[in-house]
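Asks: Residue numbers (the UniProt record's numbering): 1 to 354.
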Amino acid sequence: MSFNPTYERPRELTASEDPTKTKTIRETYGQRLRGAFGRINTAIRERVTEDDIFGLEDTYLTDDEIDQLLETFAGVDGPPDLSTIDPGERVERFEAWLDEAMDSEVLEVIDRDENVWIRRAYERGVEDADSNLKRAGVSAGAATEAADVVEMPVHERKLHVLFARNYAELDGICDAVAQQVTRELADGLAEGVNPREMARRLTDRVDKIGKTRATVLARTETINAHTQASVERYRQQGVEEVGIEPEVQVQTAGDEAVCEQCAEVASQGPWELDEFEGSEYQPAIHPQCRCAVVPVVNEAAASAYLEHPKQFVAMLRAGAFVADSRERYEALAAADDDGAEELVAHFSPQQTAA
Numbered sequence: 001m002s003f004n005p006t007y008e009r010p011r012e013l014t015a016s017e018d019p020t021k022t023k024t025i026r027e028t029y030g031q032r033l034r035g036a037f038g039r040i041n042t043a044i045r046e047r048v049t050e051d052d053i054f055g056l057e058d059t060y061l062t063d064d065e066i067d068q069l070l071e072t073f074a075g076v077d078g079p080p081d082l083s084t085i086d087p088g089e090r091v092e093r094f095e096a097w098l099d100e101a102m103d104s105e106v107l108e109v110i111d112r113d114e115n116v117w118i119r120r121a122y123e124r125g126v127e128d129a130d131s132n133l134k135r136a137g138v139s140a141g142a143a144t145e146a147a148d149v150v151e152m153p154v155h156e157r158k159l160h161v162l163f164a165r166n167y168a169e170l171d172g173i174c175d176a177v178a179q180q181v182t183r184e185l186a187d188g189l190a191e192g193v194n195p196r197e198m199a200r201r202l203t204d205r206v207d208k209i210g211k212t213r214a215t216v217l218a219r220t221e222t223i224n225a226h227t228q229a230s231v232e233r234y235r236q237q238g239v240e241e242v243g244i245e246p247e248v249q250v251q252t253a254g255d256e257a258v259c260e261q262c263a264e265v266a267s268q269g270p271w272e273l274d275e276f277e278g279s280e281y282q283p284a285i286h287p288q289c290r291c292a293v294v295p296v297v298n299e300a301a302a303s304a305y306l307e308h309p310k311q312f313v314a315m316l317r318a319g320a321f322v323a324d325s326r327e328r329y330e331a332l333a334a335a336d337d338d339g340a341e342e343l344v345a346h347f348s349p350q351q352t353a354a
């Protein structure tokens, strides 16, 4: 088989653990959310340990007071000084403070109607879609800034749904934190634990529930935004089918391997857009997934992806389909496994530079 000897490679792209190129967005989003929960933890630790706001050092609860405390807790789903008030009321008062703190610290990071990280991820999804179309030999039309594209009504509607979804998810995390923390508070008061142990228990719940879930939210929803943007951009450009570029997992030994779950999903494509959108195949496929969506622009491309999805993505990323795309799609579709690898090697950075 012959290929165009004048082929010029676009900028180098190699297999990556971050196909969507949204790592910075994901991490800064997560850091901001963790920082908000961290400030709440600092306030709890200082007031509970240093100021003994629950009066734990010198307060002994009778059996009647313990029963009252647990009954009060059952009715409720820097903190004030609570050491002088009724034991049962301490839980209610602390929960009120915690709710206010999460509203002012955590929920202030984003808004129901705007989310800078989700907007950036969405714009990146538009940019990547246009780049992928170009690599697939398809013109995306006149060059348009992603920020301008997302102002189109169809993209604005999707963005506002994503904003609302992120806010609702974060609000749910805050509710879960409040429930867990107040339960630990009630149990700790009933047990008569010391201030240091109480602070440890409360801040542990903020860490394990708040910080952990917020990090997963940030990483997963960033990919969700990127995916929705790419899919809508492909639809705008007349693409009817898509495939998946699986994420690469970096193992502890330093070697790279494709995520087995994502690779299995990728092998089931390509999918028609209407079938793909909103399905179990659409990234994020699992929490903290990093997969990207690639265009399958015609029947020849669909045949190539169907036979060799991994090599299809590798050749797309290498820019192999920019020129003579139909010939190359057909060559890949007709190749056996060894032949598919030879095609990938032919368009590898090393081979092209030689």
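Here a beta-carbon is modelled for each residue, glycine too, at the ideal position from N, C-alpha and C.
Note that the coordinates shown come from a computational prediction; the quantities given were computed from them, not determined experimentally.
Could you check the C-alpha separation between residue 37 and residue 317 for me, to the nearest Å?
Replies: Between residue 37 and residue 317, the C-alpha separation is close to 39 angstroms.
Asks: Cα separation between residue 114 and residue 164?
Replies: 8 angstroms
Asks: Please report the residue range of the beta strand (DSSP E) in which residue 245 lies.
Replies: It spans 241-245 - the beta strand (DSSP E) in which residue 245 sits, taken as one unbroken run.
Asks: Considering residue 374, what are the terminal residues of the alpha helix (DSSP H) in which it resides?
Replies: This structure cannot speak to residue 374, because the chain is shown only from 1 to 354.
Asks: What is the DSSP secondary structure of residue 258, counted as helix, strand or coil?
Replies: Residue 258 falls in the strand class under three-state DSSP.
Asks: Among the candidates 89, 160, 91, whose CA atom is the shortest distance from the CA of residue 117?
Replies: 160
Asks: Starting from residue 337, follow the alpha helix (DSSP H) in both directions and report where the run begins and ends.
Replies: 337-346
Asks: Less than 8 angstroms between C-beta atoms, sequence neighbours within five positions excluded: which residues of the same chain meet that for residue 199?
Replies: 44, 45, 48, 49
Asks: Indicate the three-state DSSP secondary structure (helix, strand or coil) for residue 150 in the structure shown.
Replies: Assignment of residue 150 by DSSP, reduced to helix, strand and coil, places it in the coil class.
Asks: In angstroms with no decimal places, state the Cα-to-Cα distance between residue 191 and residue 177.
Replies: 21 angstroms
Asks: Look up residue 272 in the DSSP assignment and give the residues it is bridged to.
Replies: 241
Asks: Go ahead and label residue 211 buried or exposed: buried means 16 or more other beta carbons lie within 10 angstroms of its beta carbon, across all protein chains shown.
Replies: Buried is the label assigned to residue 211, since at least 16 other Cβ atoms lie within 10 Å of its Cβ.
Asks: What are the partner residues of residue 277, as DSSP defines its beta bridges?
Replies: Residue 277 pairs with nothing; no bridge assigned.
Asks: Just the C-alpha distance for residue 120 and residue 333, rounded to the nearest angstrom, thanks.
Replies: Taking C-alpha positions only, residue 120 is separated from residue 333 by approximately 36 angstroms.
Asks: Buried or exposed, going by whether 16 or more other CB atoms sit within 10 Å of the CB of residue 227?
Replies: buried
Asks: Evaluate the contact criterion for the stretch 91-111 versus the stretch 149-160: three or more CB pairs, one atom per stretch, below 8 angstroms.
Replies: no
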